[in-house]
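Colleague: Take a look at this one; I'll ask things after.
Below, the structure written as structure tokens:
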């Protein structure tokens with residue numbers, strides 16, 4: 374059961390986060406969770422503090438949403454429509470691939486698979502969908 378939430382106090386605290394310096398954010402973290410934060414980035418601390426305060430007040434994500442976020446609810450193969458453009462920066466160079474009806478167009482050359490495109494870009498074997506961020510390692 375959720376504890377009684379002081380909505381006004383929560384909103385005041387959330388509104389104050391953007392102007393808080395790192396030391397104040399660390400103090401706030403310690404006051405709420407009892408240990409010092411390991412993060413040193415004020416931007417990330419603000420985001421995490423805001424998230425955790427709201428979870429504490431209103432509850433977190435339900436199991437279905439958590440599963441979807443982890444990739445359990447996504448279709449096994451992401452479908453790309455012709456005309457979609459994939460980009461990937463690799464070793465300081467931005468690579469762009471266009472999805473076509475017949476496959477993929479990269480650097481003026483047509484390919485039947487993203488894996489082959491990833492091989493051309495890297496010079497080594499890669500899983501194409503993973504290289505372009507369409508699939509995570511734990512989904513393979």
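In our numbering, the protein residues as written are 374 to 513. Note that beta-carbon positions come from the ideal geometry of N, C-alpha and C, so glycine has one too. These numbers come from a predicted model, not from an experiment.
Please work out which residues of its chain come closer than 7 Å, Cβ to Cβ, to residue 457, disregarding the five sequence neighbours upstream and downstream, and give them in chain order.
Modeller: Locating residue 457 in the chain shown gives position 84, counting from the first residue. 472.
Colleague: Confirm, please, whether the CB-CB distance from residue 478 to residue 502 is below 8 Å.
Modeller: Taking the chain shown and counting its residues from 1, the one referred to as residue 502 is at position 129. Taking the chain shown and counting its residues from 1, the one referred to as residue 478 is at position 105. Result no, Cβ atoms of residue 502 and residue 478 do not sit closer than 8 Å.
Colleague: What separation, rounded to the nearest whole angstrom, lies between the Cα atoms of residue 494 and residue 463?
Modeller: As a first step, residue 494 is located in the chain shown; it is residue number 121 there, counting from the start. As a first step, residue 463 is located in the chain shown; it is residue number 90 there, counting from the start. Cα to Cα, residue 494 sits roughly 8 Å from residue 463.
Colleague: Quick one: give me the first and last residue of the alpha helix (DSSP H) that residue 419 is part of.
Modeller: In the chain shown, the residue the question calls residue 419 occupies position 46. Unbroken alpha helix (DSSP H) run through residue 419: 415-431.
Colleague: So what's residue 507 in DSSP terms, helix, strand or just coil?
Modeller: Counted from its first residue, the chain shown places residue 507 at position 134. DSSP places residue 507 in coil when its eight states are reduced to three.
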